[in-house]
Structure formats: structure tokens, C-alpha cells
Amino acid sequence: MSYKEDDKEGKRCLECGEVLPYGRKDMRFCSPSCKNKWHYQKGGNVKGLKMRIIGAIDRNYYILVSLLDSGITSIDIPDLVQMGYNLGCVTSYHKVRNHDEYRCYDIKYYMSESRIFRIERCQWRL
Ligand SMILES: [Zn+2]
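The sequence shown begins at 172 in our numbering and counts up one residue at a time.
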């Protein structure tokens, strides 16, 4: 079977790549077992993504704790990023007056264009 003929046959199973029978436009898998495998892996990817985000938040928290332990309450963003901080992974964000307030669990800070500042522990609330 040439490559061109493959194309003409149309859609393939998303899991194993088997050519799907004609006439079933909604069909995406050659068999229920391929369908299950594909959905399982997809779920696994979301789980992996969740674990990476949780890991990044944990690392952020650890960095913030170590800054506070060293008596540091403000730091330039490039320095923070250099330490492995991921600015996109926080537990909450509020606009407070004209400041952007971020929280990572029970630690909050404000962020300007170049620095984060007023890093401090706060009451935990959702
Ligand atoms: Zn298949």
C-alpha cells in the first residue's frame, strides 16, 4: 500500500494509527481497547501536568520561605527567576488598590514590573 493510498483511506485510529473503515465520520478509534488506552493516557497527561504545577508551587513556596528566613522581603524578579521561581504558579491573585497581590499558600507579596516586595506571611483564607 503506497503512502498516497493511505491518505485516500482517510482517518486513522488516534491510538494505534490503524486506518479506520470508511463511512464512519465520528469514528476515532479502531477498537474499544484503543479508545480506552487513549483516554487513559490523556488522563495521565493531565495528572502529569497537575503534578508539575504542584511541584512548581511547592518550589515557589520553599523559595519564599527561605527568603523570609533570611530576612528578605523584596527581591528583583530576575533574581527570583534565577532561583527557580515560577511566576505563573501561585495559589491566588488579587488586585488590591493599585497593587497586584499574589499568594503562595500563607505567604503573600506584591509585584511591580521589576520586583516583588512586602513578602510576608498572612492568614490562610480561600
Ligand atoms: Zn487502534
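Note that CB positions come from ideal geometry on N, CA and C, so glycine has one too.
On the CB-based measure, 16 or more other CB atoms within 10 Å of its CB, does residue i come out buried or exposed?
| i | result |
| --- | --- |
| Ile-287 | buried |
| Ile-243 | exposed |
| Glu-144 | What is shown of the chain runs 172 to 297, which leaves residue 144 out entirely. |
| Ser-202 | exposed |
| Glu-186 | buried |
| Cys-293 | exposed |
| Tyr-174 | Summary for Tyr-174: the model assigns pLDDT 47, below 50, so the residue's position carries little reliability; its value from the coordinates is reported in the next sentence. Exposed, since its Cβ has fewer than 16 Cβ neighbours within 10 Å. |
Residue i: which of the options sits nearest, CA to CA?
| i | options | result |
| --- | --- | --- |
| Tyr-280 | Val-190, Leu-235 and Val-252 | Leu-235 |
| His-265 | Asp-250, Tyr-233, Met-282 and Leu-251 | Met-282 |
| Leu-238 | Glu-291, Glu-189, Gly-181 and Arg-183 | Glu-291 |
| Asn-231 | Tyr-273, Gln-294 and Asn-216 | Tyr-273 |
| Asp-197 | Asn-216, Val-252 and Lys-182 | Lys-182 |
Quick one: what does DSSP say residue i is sitting in, helix, strand or coil?
| i | result |
| --- | --- |
| Met-172 | In this predicted model, Met-172 has a pLDDT of only 44, less than 50, meaning its place in the structure is not dependable enough to derive any value. |
| Ser-263 | strand |
| Met-254 | coil |
| Lys-182 | coil |
Just to check, is the beta-carbon of residue i closer than 7 Å to a non-hydrogen atom of ligand 1?
| i | result |
| --- | --- |
| Glu-284 | no |
| Glu-200 | Residue 200 is actually Phe in this sequence, not Glu. Result yes, Cβ under 7 Å from ligand 1. |
Stretch-stretch touch, CB-based, cutoff 8 Å, three pairs: the stretch 212 to 231 with the stretch 260 to 277: With three or more CB-CB distances shorter than 8 Å, the stretch 212 to 231 counts as touching the stretch 260 to 277.
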